[in-house]
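Undergrad: Chains as they are written, first to last, in UniProt numbering: chain A, 1 to 197; chain B, 1 to 197. All C-beta atoms, glycine included, are put in the ideal place defined by N, C-alpha and C.
Number of protein chains: 2
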Amino acid sequence: MKKKQSTRDIILQSATRLFQRQGYNGTGLNQIIEESGAPKGSIYYHFPNGKEEIALEAVSLMRKLVLEEAEKDLRGKNSAAEAFEFYVNNVATVFDTRDCVEGLSIGLIASETALTHENIRYTCEMVFKDFQSLHADILEQYGFKKERAEELGLTITAMIEGACILSITYQNGNPLRIMAKQLVLLLKNNREIEETK
Amino acid sequence: MKKKQSTRDIILQSATRLFQRQGYNGTGLNQIIEESGAPKGSIYYHFPNGKEEIALEAVSLMRKLVLEEAEKDLRGKNSAAEAFEFYVNNVATVFDTRDCVEGLSIGLIASETALTHENIRYTCEMVFKDFQSLHADILEQYGFKKERAEELGLTITAMIEGACILSITYQNGNPLRIMAKQLVLLLKNNREIEETK
DNA sequence: GTCTATAGCTGGATAGAC
DNA sequence: GTCTATCCAGCTATAGAC
Numbered sequence: 001m002k003k004k005q006s007t008r009d010i011i012l013q014s015a016t017r018l019f020q021r022q023g024y025n026g027t028g029l030n031q032i033i034e035e036s037g038a039p040k041g042s043i044y045y046h047f048p049n050g051k052e053e054i055a056l057e058a059v060s061l062m063r064k065l066v067l068e069e070a071e072k073d074l075r076g077k078n079s080a081a082e083a084f085e086f087y088v089n090n091v092a093t094v095f096d097t098r099d100c101v102e103g104l105s106i107g108l109i110a111s112e113t114a115l116t117h118e119n120i121r122y123t124c125e126m127v128f129k130d131f132q133s134l135h136a137d138i139l140e141q142y143g144f145k146k147e148r149a150e151e152l153g154l155t156i157t158a159m160i161e162g163a164c165i166l167s168i169t170y171q172n173g174n175p176l177r178i179m180a181k182q183l184v185l186l187l188k189n190n191r192e193i194e195e196t197k
Numbered sequence: 001m002k003k004k005q006s007t008r009d010i011i012l013q014s015a016t017r018l019f020q021r022q023g024y025n026g027t028g029l030n031q032i033i034e035e036s037g038a039p040k041g042s043i044y045y046h047f048p049n050g051k052e053e054i055a056l057e058a059v060s061l062m063r064k065l066v067l068e069e070a071e072k073d074l075r076g077k078n079s080a081a082e083a084f085e086f087y088v089n090n091v092a093t094v095f096d097t098r099d100c101v102e103g104l105s106i107g108l109i110a111s112e113t114a115l116t117h118e119n120i121r122y123t124c125e126m127v128f129k130d131f132q133s134l135h136a137d138i139l140e141q142y143g144f145k146k147e148r149a150e151e152l153g154l155t156i157t158a159m160i161e162g163a164c165i166l167s168i169t170y171q172n173g174n175p176l177r178i179m180a181k182q183l184v185l186l187l188k189n190n191r192e193i194e195e196t197k
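What follows is the structure, encoded as structure tokens:
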């Protein structure tokens, strides 16, 4: 039985969309209000700490959405290579439409705030580590050794973030697709190293 | 015989530093003036088109600096793996100091402006393609076939950009160093594929 | 080439009525 | 819970003196 969407949730969803597209500094509270159609006076009721609080919750929401999607795509394939190839190619399609809505997960907001907003920076660090852990868990399930899985988990996180930047700049998903091919090779190579141990 | 630094150059250097650290939207013209110590009235004399013009030139300056550094590090090694390992580990040291100055090359400004400032987006696209081409050229010199070199050139660009985001968020260069190890494996693997053709 | 002053706007945030 | 009114600081940009 779903609760109907609260005003708070509506504000948060609009804010998340805008932060992903325009970043933290590029998005104003007025714009969030306008976009969401939420009652103008209600922002500081729902988010007493203002913009920073909204951003922290937006990052957590992005975390949830990305992890759900990733789990769904990565489980139940025949190999790690196949799983990540499927996942990354899926992400790529998002960037093919002209005004892609879901942008760069949290890479943009992380790099904007890393040197200026410690709270946001720290939250982003935790989220990145969750991404890494998910990737590492998946790799372990497909037979990778723990240590190598962790290093690869970080590397895959970096590859995805970087390829998303290229894809949003090039206005299409091809960078992600090309990267996916190389990632497949990297995973197969790592696999061989595991097996010859 | 070097020309002494013009006011214009001083403004541009400060702006570049600030854009790298805080992004386009996070950096104000007042701040650029203050930081540079340049004459306050001179911004619109030297950059008649205002902030956007400064950003375009800053991106071009970043391009120049990155390409110079990359060329220096990548030439004259024994293999592609060795060359890129050296280069990436060099970049990593930048992120170990607490308030790293040279931040994320152009990834931040590119993702901020991709959907809102077409001129800047286009310039960033060209710069990313220059990075890719440099990587590809280097790979070809170390014996990689053209097509594979191009795909790897893009992938390496993505890996570096992504790992820089992680490094600035984690406040140290370890993500870049871990990524470098995996990049070495990827390059060795590709090499083998070339050789068995 | 440089500088001041200021226009004109938008930002985040607050107080207080309802 | 919602909304209006408003404060003040910051922004980009321009006009015009020197």
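(1) Can you give the beta carbon distance from residue 104 of chain A to residue 111 of chain B, rounded, assuming they're within the 8 Å contact cut?
(2) Measuring alpha carbon to alpha carbon, tell me which of B/11, B/92, B/25, B/116 ends up nearest residue 32 of chain B.
(3) Could you compute how far the alpha carbon of residue 91 of chain B sits from the alpha carbon of residue 173 of chain B?
(4) Tell me which same chain residues have a C-beta within less than 6 Å of the C-beta of residue 138 of chain B, skipping the five on either side of it?
(5) Can you confirm whether residue 58 of chain A, when its beta carbon is compared against all beta carbons of chain B, has any partner nearer than 8 Å?
(6) Out of B/171, B/14, B/180, which one is the CA nearest neighbour of residue 54 of chain B?
(7) Along the segment 118 to 136 of chain B, where does the CB come closer than 7 Å to a CB of chain A? Name the residues.
(8) Closest to residue 115 of chain A by CA distance: which of B/8, B/181, B/17 is it?
(9) Please report the residue range of the alpha helix (DSSP H) in which residue 11 of chain A lies.
(10) Taking the C-alpha atoms as reference points, what is the distance between residue 151 of chain A and residue 89 of chain B?
(11) What's the C-alpha gap between residue 83 of chain A and residue 48 of chain B?
(12) Name, please, each residue of chain A whose Cβ falls closer than 7 Å to the Cβ of residue 21 of chain B.
(13) Taking 8 Å as the CB-CB limit, is residue 39 of chain B close to chain A?
(14) Residue 121 of chain B lies in the alpha helix (DSSP H); which residues open and close that run?
(15) Residues in the segment 134 to 163 of chain B with C-beta within 8 Å of chain A's C-beta atoms, listed in sequence order?
(16) Pick out whichever of A/147, A/155, A/143, A/78 has its Cα sitting closest to the Cα of residue 186 of chain B.
(17) Within the chosen definition, does the segment 127 to 145 of chain B reach the segment 113 to 133 of chain A through at least 3 CB pairs nearer than 8 Å?
(18) Check for me: the alpha helix (DSSP H) holding residue 96 of chain A runs from which residue to which?
(19) On a CA-only basis, which of A/168, A/20, A/23 is nearest residue 96 of chain A? Give me that one, please.
(20) CA-CA distance, residue 46 of chain A and residue 38 of chain A?
(21) Could you tell me whether the Cβ atoms of residue 144 of chain A and residue 189 of chain A are closer together than 8 Å?
(22) Can you check whether the C-beta of residue 5 of chain B is within less than 8 Å of a C-beta belonging to chain A?
(23) Quick one: Cα of residue 135 of chain B to Cα of residue 162 of chain A, how far?
(24) Roughly how many whole angstroms lie between the Cα atoms of residue 159 of chain B and residue 181 of chain A?
(25) For residue 31 of chain A, go through chain B and note every residue whose CB falls closer than 7 Å to its CB, in chain order.
(26) Note the first and the last residue of the continuous alpha helix (DSSP H) segment covering residue 27 of chain B.
(27) Measuring only the C-alpha atoms, how far is residue 65 of chain A from residue 59 of chain A?
(28) State yes or no: is the C-beta of residue 120 of chain A within less than 8 Å of the C-beta of residue 67 of chain A?
(29) Report yes if the C-beta distance between residue 77 of chain A and residue 86 of chain A is below 8 Å; otherwise report no.
(30) Check the Cβ-Cβ distances between residue 87 of chain B and every residue of chain A, and say whether any is below 8 Å.
(31) By Cβ distance, which residues of its chain are closer than 8 Å to residue 6 of chain A, with the 5 residues on each side in sequence left out?
(32) What residues from chain B crowd round residue 169 of chain A, counting only those whose CB sits closer than 8 Å?
(33) Name the residue from A/113, A/125, A/142, A/124 whose alpha carbon lies nearest to the alpha carbon of residue 23 of chain B.
(34) Express the C-alpha separation of residue 80 of chain B and residue 122 of chain A in angstroms, rounding to a whole number.
(35) Under a three-way DSSP split, which group does residue 182 of chain B fall into?
TA: Quick answer:
(1) The residue labelled residue 104 of chain A in the question sits at position 104 within the first sequence. The residue labelled residue 111 of chain B in the question sits at position 111 within the second sequence. The Cβ separation is near 5 Å, so the contact holds.
(2) Numbered from 1 along the second sequence, position 32 holds the residue referred to as residue 32 of chain B. Nearest of B/11, B/92, B/25, B/116 to residue 32 of chain B, Cα basis: B/11.
(3) Here residue 91 of chain B refers to the residue found at position 91 when the second sequence is read from its first residue. Here residue 173 of chain B refers to the residue found at position 173 when the second sequence is read from its first residue. Taking C-alpha positions only, residue 91 of chain B is separated from residue 173 of chain B by approximately 8 Å.
(4) Along the second sequence, one-based indexing puts residue 138 of chain B at 138. 74.
(5) Here residue 58 of chain A is taken as the residue at index 58 of the first sequence, counted from 1. Answer no: the Cβ-Cβ gap between residue 58 of chain A and chain B never drops below 8 Å.
(6) Translated into positions along the second sequence, residue 54 of chain B becomes position 54. Among B/171, B/14, B/180, the Cα nearest to that of residue 54 of chain B belongs to B/14.
(7) 121, 124, 125, 128
(8) The residue given as residue 115 of chain A occupies position 115 in the first sequence. It is B/17 whose Cα lies nearest to the Cα of residue 115 of chain A.
(9) As a working note, residue 11 of chain A is residue 11 in the first sequence. Note, residue 11 of chain A: alpha helix (DSSP H), 7 to 22.
(10) To locate residue 151 of chain A, count along the first sequence from 1; it is residue 151. To locate residue 89 of chain B, count along the second sequence from 1; it is residue 89. When rounded, the distance between both Cα atoms is 15 Å.
(11) Locating residue 83 of chain A in the first sequence gives position 83, where the first residue counts as 1. Locating residue 48 of chain B in the second sequence gives position 48, where the first residue counts as 1. Their Cα atoms are separated by approximately 51 Å.
(12) As a first step, residue 21 of chain B is located in the second sequence; it is residue number 21 there, counting from the start. Neighbours of residue 21 of chain B on chain A, chain order: 115.
(13) For the purposes of this step, residue 39 of chain B is taken as residue 39 along the second sequence, with counting starting at 1. Not one chain A Cβ lies under 8 Å of residue 39 of chain B.
(14) Counting from one through the second sequence, the residue named residue 121 of chain B turns up at place 121. Taken as a continuous stretch (DSSP letters only), the alpha helix (DSSP H) holding residue 121 of chain B covers 118 to 141.
(15) Within the segment 134 to 163 of chain B, the residues whose Cβ lies closer than 8 Å to some Cβ of chain A are 151, 152, 154, 155, 157, 158, 159, 160, 161, 162, 163, listed in chain order.
(16) Stepping through the second sequence from its first residue, residue 186 of chain B is reached at position 186. Measuring from the Cα of residue 186 of chain B, the nearest candidate turns out to be A/155.
(17) No: the two stretches stay apart, fewer than three of their Cβ pairs being nearer than 8 Å.
(18) Stepping through the first sequence from its first residue, residue 96 of chain A is reached at position 96. Looking at the DSSP string, residue 96 of chain A is not in any alpha helix (DSSP H), and its letter there is neither H nor E.
(19) Here residue 96 of chain A refers to the residue found at position 96 of the first sequence. Ranking A/168, A/20, A/23 by CA distance to the CA of residue 96 of chain A puts A/168 first.
(20) For the purposes of this step, residue 46 of chain A is taken as residue 46 along the first sequence, with counting starting at 1. For the purposes of this step, residue 38 of chain A is taken as residue 38 along the first sequence, with counting starting at 1. The alpha-carbon atoms of residue 46 of chain A and residue 38 of chain A are separated by roughly 11 Å.
(21) Taking the first sequence and counting its residues from 1, the one referred to as residue 144 of chain A is at position 144. Taking the first sequence and counting its residues from 1, the one referred to as residue 189 of chain A is at position 189. Not in contact: residue 144 of chain A and residue 189 of chain A (Cβ atoms no closer than 8 Å).
(22) Sequence index remark: in the second sequence, residue 5 of chain B carries index 5 (1-based). Taking Cβ atoms only, chain A never reaches closer than 8 Å to residue 5 of chain B, which makes this a no.
(23) Start at 1 with the first residue of the second sequence, and residue 135 of chain B comes out as number 135. Start at 1 with the first residue of the first sequence, and residue 162 of chain A comes out as number 162. Going by C-alpha positions, residue 135 of chain B is about 15 Å away from residue 162 of chain A.
(24) Start at 1 with the first residue of the second sequence, and residue 159 of chain B comes out as number 159. Start at 1 with the first residue of the first sequence, and residue 181 of chain A comes out as number 181. The straight-line gap from Cα to Cα measures roughly 14 Å.
(25) As a working note, residue 31 of chain A is residue 31 in the first sequence. Correct list: empty, because the minimum Cβ distance to chain B is about 12 Å.
(26) Here residue 27 of chain B corresponds to residue number 27 of the second sequence, with the count starting at 1. Run containing residue 27 of chain B: none; DSSP gives neither H nor E here.
(27) As a position in the first sequence, residue 65 of chain A is number 65, starting the count at 1. As a position in the first sequence, residue 59 of chain A is number 59, starting the count at 1. Those two C-alpha atoms are separated by around 10 Å.
(28) As a position in the first sequence, residue 120 of chain A is number 120, starting the count at 1. As a position in the first sequence, residue 67 of chain A is number 67, starting the count at 1. Cβ atoms of residue 120 of chain A and residue 67 of chain A: not closer than 8 Å.
(29) Sequence index remark: in the first sequence, residue 77 of chain A carries index 77 (1-based). Sequence index remark: in the first sequence, residue 86 of chain A carries index 86 (1-based). For residue 77 of chain A and residue 86 of chain A, yes; Cβs fall inside 8 Å.
(30) Within the second sequence, numbered from 1, the residue matching residue 87 of chain B stands at position 87. By this cut-off, residue 87 of chain B is not an interface position.
(31) Counting from one through the first sequence, the residue named residue 6 of chain A turns up at place 6. Around residue 6 of chain A: no qualifying Cβ.
(32) As a working note, residue 169 of chain A is residue 169 in the first sequence. Result: 110, 111, 114, 121, 124, 125, 128.
(33) Within the second sequence, the letter at position 23 stands for residue 23 of chain B. Nearest C-alpha to residue 23 of chain B: A/113.
(34) The count along the first sequence starts at 1 and reaches residue 122 of chain A at position 122. The count along the second sequence starts at 1 and reaches residue 80 of chain B at position 80. When rounded, the distance between both Cα atoms is 35 Å.
(35) Within the second sequence, numbered from 1, the residue matching residue 182 of chain B stands at position 182. Residue 182 of chain B falls in the helix class under three-state DSSP.
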